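Worksheet: the structure to be examined is printed underneath.
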Amino acid sequence: MPHFSNNIRALFATALFGAVAACGPSGQDAAPQAPPAPAVDITVVHKTSVESTRELPGRARAYREAEIRPQVTGLIQSRLFTEGQMVTAGQALYQIDASEYAASVNSAKAALQRAEATAEAARQTASRYQRLSEINAVSRENYDQAVAAQRQAEADVAMQKAAVQSASINLARTKVTSPIAGRIGRSTVTPGALVTANQATALANVLQLDPIYLDLAAGSSKIQEWKRDVAEGRIQSTDGESVEVKIKLEDGTVYPEPGKVEFGEVSVDETAGSVIIRAVVANPDGLLLPGMYVNASFSAGAYDDVFVLPQAAVSRDAKGNPTAMVVSADNKVEVRNLKIIEASGSDWIVSDGLEDGDRMIVSGFQKIQPGATVTVQQPMAETAVGPQQPGADMAAGKP
């Protein structure tokens, strides 16, 4: 029994020593450590200038288009071109049966010769009557009649000359020619077909495709907005300069030739509510065809003193207003309301809401909230975030 009591006392002493050691010198529990401030990535933003780029859809249109129609009636004897090939201005395309028109020319020439003979006889008669009238061998009345007959005969000559000219024109029109140079499409008639003068159906179409037009459609409200931006100085206009157009085809391929804006339509399409802006572009290889869909982008001027922010760094509040988070001087998170002018690729062009040199948060949003203290990761070199700065995407945490 004494030995068992000694063992109990030894166990109790050991447990008491462990409890005292755990309590420490003060005999109280140790305070838990506070979690570290969350780390965020930032980029330092600065005001900059950036082009105001406009992207518009459009269709290719032929630079010139000629509908080939006959100007005389007759049977098509032959087709003188190969469908789909290039033709030159004045090149013969169709031959219409010319026998009837050649006969008309010969008939008109014969009538002209008869009129000329009659006029010559009338001139001689008038000349004789003039001499006889001077010696009073004929009356003045007879002389006046001879002069009038001469003038009438000369008028007949002029009329017959016009008839010869008209018949010759119709004869020439039996050979149907192209008024412009370009590529000719399919023929709607074959040899042996009867065609009529100025018929509604064209025999073929000739299109000049180099250069070629691009008709770009812009909403009328957008046009008014651009004009206000220029008038109020938000955009530095490029008026008086040739505006270059970059073209992207329907499959996303970039067209190698740049275009130039030629003019803007002076009226609004009432059905679509749009205004056509026409550009002209070289098309030496015939890659662009009339009716082809394209996307075109061009500079409408430049914005000064703006910020260009990556879209991933901009969020929306409950009302849908754009916001960004910045780190203050004491490393507190602040929310800034932004005024976005427009998109520029994967960036936003922002006019208000930030100050030059602000440290904008670009990643780590899930771990922070307004007013929280954060730890700023080592920032990259200060940059004016935007497409014109090669390092902007890296500073914004973009790949």
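Taken in order, the sequence shown gives residues -21 to -1, 1 to 378; the numbers are from mature numbering (1 follows the signal peptide of the UniProt record, and there is no 0).
The C-beta atom is built at its ideal place from N, Cα and C for all residues, glycine as well.
Quick caveat: nothing in here was measured; it's all calculated off a predicted structure.
Item	Value
Which residues mark the beginning and the end of the beta strand (DSSP E) in which Leu195 is found?	183 to 198
Using CA coordinates, which residue listed in Val23, Arg33, Ala45 is at the minimum distance from Gly198?	Arg33
According to DSSP, is Gln345 helix, strand or coil?	helix
Alpha carbon to alpha carbon, how far is Phe(-18) from Pro17?	Low confidence applies to Phe(-18): its pLDDT is 44, below 50, so where it sits in the model is not reliable, and the reading given next is rough at best. Distance between the alpha carbons of Phe(-18) and Pro17 is about 58 Å.
Are Leu72 and Val155 close, meaning C-beta to C-beta below 7 Å?	yes
Please say whether Pro301 and Val312 have beta carbons closer to each other than 7 Å?	no
Do Pro269 and Val314 have their beta-carbon atoms positioned less than 7 Å apart in this structure?	no
Which residue wins for smallest C-alpha separation from Met271, given the options Asp194, Arg38, Asn85, Gln56?	Arg38
Would a C-beta distance cut-off of 7 Å place Arg162 and Leu193 closer than the cut-off?	no
Helix or strand or just coil, what does DSSP make of Gly6?	Confidence at Gly6 is low in this model, with a pLDDT of 45, below 50, so the placement of that residue is unreliable and no value is reported for it.
Buried or exposed: Asn85, going by 16 or more other Cβ atoms within 10 Å of its Cβ?	exposed
Give me, in chain order, the residues of the same chain whose beta-carbon lies closer than 7 Å to that of Ser330; leave out the 5 immediate sequence neighbours on both sides.	Val285, Lys318, Ile320
Going by C-alpha distance, which of Thr352, Asn310, Pro49, Gln203 is nearest Ala176?	Pro49
From the beta carbon of Pro269, is the nearest beta carbon of chain D less than 7 Å away?	No chain D appears in this structure, which consists of one protein chain only.
Run the proximity test for Ser166: is its beta-carbon closer than 6 Å to any non-hydrogen atom belonging to the ligand NAD?	Because no ligand of any kind appears in the structure shown, any question about the ligand NAD cannot be addressed here.
Determine the closest residue to Gly280 out of Val23, Ser28, Asp20, Val24, with distance taken between C-alpha atoms.	Ser28
So Val224 and Ala258 are supposed to be a Cβ contact under 8 Å. How far apart are they, rounded?	5 Å
With DSSP as the reference, identify every bridge partner of Pro237, one or two as the case may be.	Partner(s): none; Pro237 has no beta bridge.
Which one or two residues does DSSP pair with Arg43 in a beta bridge?	Gln187
Tell me the DSSP secondary structure of Val293 in three-state form.	coil
Nearest-angstrom Cα distance between Ala96 and Leu59?	42 Å
In whole angstroms, what separates the C-alpha of Val66 from that of Ala151?	19 Å
Return helix, strand or coil for Ala172, following the three-state DSSP convention.	coil
From this set, Ser325, Asp283, Ala303, Gly332, which residue's C-alpha is nearest Gly343's C-alpha?	Ala303
Under three-state DSSP, which class holds Met271?	coil
Of the residues Ser31, Pro14, Asp20, which one's Cα is nearest the Cα of Trp205?	Ser31
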